[in-house]
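All remarks here apply to the structure that follows.
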Amino acid sequence: MIISNDASNQSLNRVQVVPLTSQTGRLYPSEAVVTFEGKKSKAMADQLATVSKSRLFRQAGNLSVEDMHRIEAAIKVQLDIH
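Here you go:
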């Protein structure tokens, strides 16, 4: 899931991402369960990464506003932002 801001995404050759997994069993404070393409997934803010846009192929989908808020909360926990 790309989480960097639109201005950076347009001007830089890299983006910040939070990876998603279908393994939703155990949930840590820096993770959030979201619905992606109709299936439960886990966003892992503890694996926040910067990747080259050349590694991205297509837009896979979108998340709801509520799911984005859950990811935002997980990122704040991971980065200790209050």
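Residue 66 is where the sequence shown ends in my numbering, and the numbering goes up by one at each step. Backbone N, C-alpha and C define an ideal beta-carbon position, used for all residues, glycine too.
Alanine 58 and alanine 27 do touch by the CB rule: their CB atoms are close to 6 Å apart, below 8 Å.
Each residue's CA atom was taken as its position, placing glutamine 62 and phenylalanine 41 some 27 Å apart. One Cα belongs to aspartate 51, the other to glutamate 15, and the distance between them is close to 11 Å. Residue pairing by DSSP puts lysine 24 in a beta bridge opposite Thr19. Between the C-alpha atoms of arginine -2 and valine 35 there is a straight-line separation of about 5 Å.
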